[in-house]
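Heads up: the sequence shown begins at 10 in my numbering, then just goes up one per residue.
Every residue, glycine too, gets a C-beta built ideally from N, C-alpha and C.
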Amino acid sequence: MDGTAPTAHSLLSDVFGFDAFRPMQGDIVEAVTRGEDVLAILPTGGGKSLCFQLPALLRPGLTVVISPLIALMRDQVRALKAAGVNAGALTSGNTEEETDRVFNALHNGELKLLYIAPERLASGGTERLLAAADISLIAVDEAHCVSQWGHDFRPDYLRIGALRRALDVPLAAFTATADAETRDEISAKLFGELEPRIFLGGFDRPNIHLAFQSKLKPRQQILDFAAARKGQSGIVYCGTRAKTETLALALSKEGHDALAYHAGMDPDQRREVERRFQQDDGLIVVATVAFGMGIDKPDIRWVAHADLPKSIEAYYQEIGRAGRDGAPAETLTLYGADDIRFRRMQIDESLAPPERRMADHGRLNALLGLAESLSCRRIQLLGYFGETHDACKTCDMCEKPPETFDGTEAVMKALSAILRTGESFGVGHLTDVLMGTMTDKVRARSHDQIQTFGVGRDIDRGQWGAIFRQMMGHDLVRPDPERHGGLRMTQKARPILKGEESIQLRRDTIKAAKSRRPAVKTLVSDEDAPLLSALKAKRRALAEAARAPAYVIFPDRTLIEMAETRPTTLDEMARINGVGAKKLERFGATFLAVITGEAAERPHPARRKLAGRNEADVYDRLLATQARLTRGEDGTGKPMSCSASTLAKIAALGPSGATRIAHVLGDRLAERFGDAFAEVLAEV
């Protein structure tokens with residue numbers, strides 16, 4: 010060294026080997042180096058790690074990096090050491106010797122960067138260890154993991170804010186995807202009352218080609234996509250572990266080098282897949298979302314989704330793993346009605362508050378809007394993240410625009426049906442109303458009497474489903490978790506309903522719906538599915554509180570019967586298979602409240618024991634008779650009443666028990682109620 014203090018640009022060249030910063034990197038490095046609190050949202054492949062690694066070399070003391078990705082931490086430590094930077098990591102993947110070396114370097118003040126997993130913050134020893142070190146900066150990678158309702162939530166990220174306050178040092182947080190709501194949540198959880206400086210990087214990845222297809226023969230569609238890119242490294246994301254294995258096998262049989270990857274595999278197997286993917290050319294990994302965070306392979310040429318991702322943020326992050334070298338890369342996302350139903354179910358069964366689930370349905374709507382896009386997908390995707398863009402000319406919509414038509418009339422009919430039925434019903438019932446189908450539910454609610462009944466007979470059931478799906482994609486309607494999936498209109502729908510705006514729909518997806526193959530059989534009808542999800546969510550909450558398996562509360566078949574029969578009283582609940590007296594006592598009112606949307610009145614224990622039995626009706630009639638005679642026939646007598654247990658005993662006497670009423674009541678009560686109670690028993 011010549012004694013000259015290093016600068017950001019000299020370190021950029023000498024240590025990291027770059028001639029210039031990428032967009033926004035220089036500004037972020039400068040702010041972090043000055044000790045400002047920073048929240049930076051940079052696209053995948055945008056060079057986030059350099060934004061805290063370089064300031065760590067310019068600032069005195071030690072920078073602590075909190076990351077959920079052991080593989081990435083090890084890779085970054087290895088790369089930093091190779092560049093002459095003293096860095097270390099404390100992870101569960103360390104050998105004993107590696108951990109000893111890190112502790113010694115930390116004790117001697119030799120480390121510049123220390124990587125730790127968030128789970129280590131749960132140990133009180135970690136905070137003491139860091140408090141004794143010369144910490145000057147905390148960097149948080151994958152900061153969206155602090156979002157409690159995000160798809161990558163890590164509970165121990167909630168400890169970072171307290172650590173920052175305890176150490177009293179600046180904090181720099183980084184993530185690739187965060188909409189405005191998630192940005193606010195990150196700020197609140199990590200920075201508290203302090204306002205971080207926010208850097209919002211450009212989200213456009215112009216080298217990535219975007220394409221969606223509706224599922225027709227999904228396995229063959231993936232095989233065809235891979236065949237056209239044989240020998241190129243790619244990732245196929247699947248919704249289930251089982252599908253990763255069957256699809257990897259199918260690709261292997263077609264001559265591809267393909268491996269499955271999911272969280273159920275042995276850790277050594279997963280590490281071997283990660284190693285091979287980093288080192289081998291042309292390997293395809295068929296994976297769940299467990300794969301990818303921290304995979305820094307620059308030459309992934311394509312990413313395919315065999316199933317619809319969880320949200321538009323998840324989609325953006327997953328396709329962002331392709332083409333990090335800037336060379337052209339391609340994506341394909343398949344979607345179908347079953348995918349959408351499954352994703353809705355996941356949202357409805359979560360334990361998030363209703364407003365959060367409503368927002369999650371909105372995020373899924375945004376992804377459906379991208380799938381059912383009428384024009385350039387890049388404009389729509391970037392618009393979601395608050396950016397404007399010209400038509401890209403390279404996505405599948407720009408290359409071959411779909412045929413559209415004026416769907417205003419059909420959408421107005423659907424919105425009218427939603428409004429006239431009280432925004433309380435799902436697609437199935439609304440379609441019955443529009444098509445004039447006389448079902449028990451239509452008849453019971455007199456929905457055959459509303460003006461919209463039968464106005465959509467010219468459109469078949471499958472096509473109405475496609476229209477509703479496009480309406481959700483335009484975010485005109487959202488399922489309301491508090492109304493068990495009943496569609497509610499958004500503000501965007503009102504100008505269309507009033508005839509102030511028109512709307513274009515895609516003709517191809519509606520045509521395809523007319524000849525669509527039979528739907529996969531589900532546990533319950535589409536109409537009852539949201540209620541079943543709500544019942545399962547309640548069951549899960551109770552099971553977690555009791556630290557017991559879910560089936561101990563109620564088995565699936567019991568919840569299915571509840572969803573289909575929709576009991577409104579504890580008597581009706583008691584007749585459900587699997588609801589015995591003890592479970593009715595413990596859980597009946599709780600599940601009834603989920604079904605009816607309001608807390609059930611809890612009757613006297615003596616009455617609850619009769620729930621679902623013939624004596625229950627007799628008890629209720631005796632109770633009504635008693636209320637009428639509380640002050641005698643003329644209403645002027647001294648108030649008198651029987652205990653609940655006494656009424657239960659009389660109800661159990663049956664038609665032949667009239668002569669025993671006086672014995673049960675005693676003389677005084679028998680004089681007031683005996684004859685009237687005998688008449689009730691005689692009518693049984």
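Counting only residues of its own chain and dropping the five nearest sequence neighbours on each side, I169 has a CB closer than 8 Å to the CB of I75, P127, L130, I147, V149, V155, L180, K198, L199. Excluding residues up to 5 positions away in sequence, D484, R487 lie with their Cβ nearer than 7 Å to the Cβ of G371 in the same chain.
One thing to note: D489 has its Cβ within 8 Å of the Cβ of R497. In this structure, K224 sits near G345, with a CB-CB distance shorter than 8 Å. The three-state reading of DSSP puts F234 in helix, counting H, G and I together.
By the criterion of at least three beta-carbon pairs nearer than 8 Å, the stretch 539 to 550 is in contact with the stretch 561 to 580. Counting only the Cα atoms, P64 lies some 9 Å from G44.
Beyond the five residues adjoining it in sequence on each side, E254 comes within less than 6 Å, by CB distance, of A269 in the same chain, given in chain order. Taking the C-beta atoms as reference points, A299 is found nearer than 8 Å to H271.
As the crow flies, the alpha-carbon of A92 is around 26 Å from that of I50. The residue from D193, T100, T72 with its alpha-carbon nearest to that of L176 is T72. As the crow flies, the alpha-carbon of L593 is around 7 Å from that of A583. Looking at the DSSP output, L48 sits in a beta bridge with A182, I207. Approximately 6 Å separates the beta-carbon atoms of Q222 and Q230; this is inside 8 Å, confirming the contact. Taking a C-beta distance under 8 Å as the contact criterion, V312 and G243 qualify as a contact pair.
Residue range 598 to 605 is occupied by the alpha helix (DSSP H) that includes A602. Considered as a whole, the stretch 327 to 382 harbours 346 to 357, 363 to 380 as its complete alpha helix (DSSP H) runs of no fewer than 4 residues, in chain order. Proximity to L360 across A552, A625, A171, L21 peaks at A552, based on C-alpha coordinates. DSSP places M82 in the helix class (H, G or I) of the three-state scheme. When DSSP reads this structure, L99 sits in a beta bridge with I125.
As the crow flies, the alpha-carbon of A419 is around 8 Å from that of I476.
Contact between K252 and A323 does not hold, since their C-beta atoms are separated by about 17 Å, which reaches or exceeds 8 Å. Between L514 and G437, the C-beta gap is not smaller than 8 Å, which leaves the two residues out of contact. CA-to-CA, the gap between V38 and M480 works out to about 44 Å. Secondary structure at G663: coil, using DSSP grouped into helix, strand and coil. For D23, the enclosing alpha helix (DSSP H) has its first and last residue at 17 to 23. By the Cβ neighbour-count rule, G435 is buried, with 16 or more other Cβ atoms within 10 Å of its own. In the structure shown, I427 adopts helical secondary structure according to DSSP, grouped into three states. V86 has its alpha-carbon roughly 13 Å from the corresponding atom of F61. Using a Cβ distance threshold of 8 Å, S425 and T461 count as a contacting pair.
D684 is the residue among D684, A259, L343 whose C-alpha sits nearest the C-alpha of L638. In this structure, L120 lies near A114, with their beta-carbon atoms less than 8 Å apart. Checking the DSSP bridge columns, you'll see F221 partnered with T342. With distances taken between CA atoms, Y166 lies nearest to L78 out of L260, T249, L78.
About 6 Å separates the Cβ atoms of A267 and V295, confirming a contact at the 8 Å cut-off. Of the candidates K647, E283, P276, I309, the residue whose Cα lies closest to the Cα of G291 is I309.
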